[in-house]
Amino acid sequence: MRYYTILLNGEERVAASADGKTMYVLDVYEDMNDLIAGGGVREIPKDAQRVLPEQGNGAADEALLAEEDAKTVVTDEKKVKILSPIPYPKQDVLCLGINYTAHAEEASRFSRESFGGERPYPIFFSKRVAYSQGTNAPIPAYTGLVDSLDYECELGVVIGKDAKHVKWEEVQDYIFGYTVVNDVSARNLQTRHKQWYFGKSLDGFTPMGPCIVSADEFAFPPKQKIACRVNGEVRQDSSTANLITGIADIITMLTEGMTLKAGTIIATGTPAGVGMGMMPPTFLKPGDVVECEIEGIGVLRNYVEG
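Take the sequence shown: its letters are residues 15 to 320, numbered as in my numbering.
What follows is the structure, given as structure tokens:
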């Protein structure tokens with residue numbers, strides 16, 4: 015099942031799609047966090063209203079609408095907008111740093127002081143997220159504050175129920191689903207402050223979406239193609255199979271001493287190909303379009319706004 019938060023006629027609503035094409039509004043849930051706490055849905059309720067996403071399939075969508083009965087919500091692009099699946103995360107987004115080998119190498123080249131050195135254990139940090147924007151939304155450039163704006167395409171793991179002292183063999187029971195996260199980063203702030211929190215927590219630095227795909231749609235651990243394009247140019251091209259610290263280890267380590275609430279988002283790290291790793295480093299600028307894509311989930315598309 016695919017879960018969305020949409021803006022329908024000016025109101026945020028939770029929706030689900032079994033085929034990734036047509037959504038059904040789930041009015042019984044207040045928001046996505048409420049749906050996650052309830053365990054999601056196994057099938058679309060018979061009385062659910064049907065809507066079509068903002069970016070549809072043209073004539074195919076018209077044919078679908080023609081077949082619908084009075085329950086269909088006939089919409090257009092001005093009325094339906096896909097938001098971040100979790101616009102207001104319950105907790106800070108938890109992140110893995112330097113969790114792909116090739117990314118570790120390129121990060122060290124950019125700044126050995128900030129990113130180099132041996133790491134016998136994974137690097138955990140967090141991102142403060144007042145509001146997570148969805149696909150087709152802007153990323154602020156923060157001209158004057160940020161001079162090295164960068165992208166990081168990452169697999170996001172969404173926790174399905176409160177987790178503490180989770181055993182390795184039980185991890186799958188605690189995963190609600192997966193999404194795409196762009197861990198937008200201000201490299202100059204990271205190096206200036208010698209820590210990552212501020213440079214990754216500016217408002218608008220956590221685009222997410224376009225949806226959450228339920229965990230049962232994937233083998234475990236998921237081994238999906240992951241890619242990022244800037245203005246159509248492929249910058250990142252890897253697989254989530256290449257994670258240094260895997261999802262099961264991440265969750266067991268964190269829950270040894272932390273409670274992960276239902277709805278917690280874990281960004282599992284980014285592969286090589288970020289702007290700071292290019293020679294010379296090439297950062298985002300106003301007008302750039304960034305597309306983060308993970309096989310089986312979809313494309314998170316955002317543009318840099320000056």
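Glycine residues also receive a C-beta, built at the ideal position from the N, C-alpha and C atoms.
Going by the beta-carbon positions, is the gap between residue i and residue j smaller than 8 Å?
{"i": "P221", "j": "V248", "result": "no"}
{"i": "P99", "j": "Y38", "result": "no"}
{"i": "A155", "j": "P300", "result": "yes"}
{"i": "G148", "j": "G223", "result": "yes"}
{"i": "T269", "j": "N113", "result": "no"}
{"i": "C242", "j": "C167", "result": "yes"}
{"i": "G312", "j": "V195", "result": "no"}
{"i": "P236", "j": "G260", "result": "no"}
Would residue i be called buried (16 or more neighbouring beta carbons within 10 Å of its own) or exposed?
{"i": "T115", "result": "exposed"}
{"i": "E57", "result": "exposed"}
{"i": "Q209", "result": "exposed"}
{"i": "A255", "result": "exposed"}
{"i": "R201", "result": "buried"}
{"i": "E305", "result": "buried"}
{"i": "D164", "result": "buried"}
{"i": "I173", "result": "buried"}
{"i": "Y23", "result": "In the sequence under discussion, the amino acid at residue 23 is Asn, which differs from the Tyr named in the question. N23 is exposed by the Cβ-count criterion."}
{"i": "R206", "result": "exposed"}
{"i": "P59", "result": "exposed"}
{"i": "G246", "result": "exposed"}
{"i": "L159", "result": "exposed"}
Who are the near neighbours of residue i in its chain, counting only those whose CB is closer than 6 Å to its CB and skipping five residues on each side?
{"i": "S252", "result": "I240 and P285"}
{"i": "G72", "result": "For G72, the predicted model reports a pLDDT of 40, less than 50, meaning its position is unreliable; a value from the coordinates is still stated below. Around G72: no qualifying Cβ."}
{"i": "E25", "result": "none"}
{"i": "V185", "result": "A262 and I265"}
{"i": "R103", "result": "Residue identity differs from the one stated: residue 103 is Pro in this sequence, not Arg. For P103, where only same-chain residues beyond five positions count, the Cβ hits under 6 Å are V143 and I279."}
Tell me which same chain residues have a C-beta within less than 8 Å of the C-beta of residue i, skipping the five on either side of it?
{"i": "Y43", "result": "V28, L49 and G52"}
{"i": "S228", "result": "M15, R16, Y17, G54, F190 and G191"}
{"i": "T273", "result": "D176, A177 and K178"}
{"i": "P152", "result": "G218, N316, Y317, V318 and E319"}
{"i": "T157", "result": "P300 and G320"}
Going by DSSP, what residues sit across from residue i in a beta bridge?
{"i": "P154", "result": "E319"}
{"i": "A248", "result": "For the sequence presented, residue 248 should be read as Val rather than Ala. Beta-bridge pairing links V248 to R243."}
{"i": "C109", "result": "F139 and A281"}
{"i": "Y38", "result": "A30 and R64"}
{"i": "I20", "result": "R27 and I96"}
{"i": "T193", "result": "G170"}
{"i": "I308", "result": "I240 and G312"}
{"i": "V303", "result": "Y317"}
{"i": "S253", "result": "K239"}
From which residue to which residue does the beta strand (DSSP E) around residue i run?
{"i": "F139", "result": "I137 to K141"}
{"i": "G337", "result": "As displayed, the chain neither begins before 15 nor continues past 320, which places residue 337 out of reach and without an answer."}
{"i": "S162", "result": "Where S162 is concerned, there is no enclosing beta strand (DSSP E), given that its DSSP letter is neither H nor E."}
{"i": "I13", "result": "The first residue shown for the chain is 15 and the last is 320, placing residue 13 beyond what the model contains."}
{"i": "M222", "result": "M222 to S228"}
What are the boundary residues of the alpha helix (DSSP H) that residue i is part of?
{"i": "K214", "result": "Y211 to K214"}
{"i": "A51", "result": "M46 to A51"}
{"i": "Q204", "result": "R201 to H207"}
{"i": "I261", "result": "I261 to L268"}
Give me, in chain order, the residues of the same chain whose beta-carbon lies closer than 7 Å to that of residue i; leave out the 5 immediate sequence neighbours on both sides.
{"i": "Y188", "result": "I173, G174, K175, A177, V180 and I265"}
{"i": "I96", "result": "Y18, I20, P67, E68, G148, T149, G223 and P224"}
Kindly examine the ligand ZN and report whether one of its heavy atoms sits closer than 7 Å to the Cβ of residue i.
{"i": "I308", "result": "The ligand ZN is not part of this structure, which contains no ligands at all."}
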